[in-house]
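Worksheet: the structure to be examined is printed underneath.
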Amino acid sequence: MVPQRVVVVSLSVVVWLAAGLGAYLYLGSHRTAHGLAPKRPSPSKVQAKNGPLSGLPGTLYLVQDSPLYRLRRGVFTAVDCTQPALSPDGQDFAGC
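For what it's worth, the numbering used here labels the leading residue of the sequence shown as 12, then goes sequentially.
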């Protein structure tokens, strides 16, 4: 006959492995594309002129991966810039 302690330890190990495998499979089924490289915006994804971003004053510059984009009047456009830089006082964006 197998001692009771061996049975308890064996069952504990089986439950421990099953719980770990179950957690791994559960979390793996809920993966998202957040870690993937960003995609370049397409014309179909561009905000409309009367969208919620169109009322924002000024221009917002964004960097995604390495390209530089400008948001002005609710529309994102790619900016061809070789060496963008801040002004010496750090208030202005120049070089494009």
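Glycine included, each C-beta is placed from N, C-alpha and C at the ideal position.
Computed from a prediction, not measured in an experiment: that's the story for all the values here.
Per DSSP, A29 has no beta-bridge partner at all. Note that the C-beta distance between R83 and L73 is not below 9 Å.
In this structure, DSSP gives R83 an extended state, which the three-state scheme calls strand. Taking C-beta separations shorter than 7 Å and ignoring five residues to either side along the sequence, the partners of A48 in its chain run D76, following chain order. Per DSSP, the beta bridge partners of Y72 are R81. Rounded to whole angstroms, the Cβ separation of L64 and G85 is 4 Å, and the two are in contact under 8 Å. For L97, the pairing in a beta bridge is given by DSSP as F104. DSSP places V18 in the helix class (H, G or I) of the three-state scheme.
One Cα belongs to S23, the other to P78, and the distance between them is close to 53 Å.
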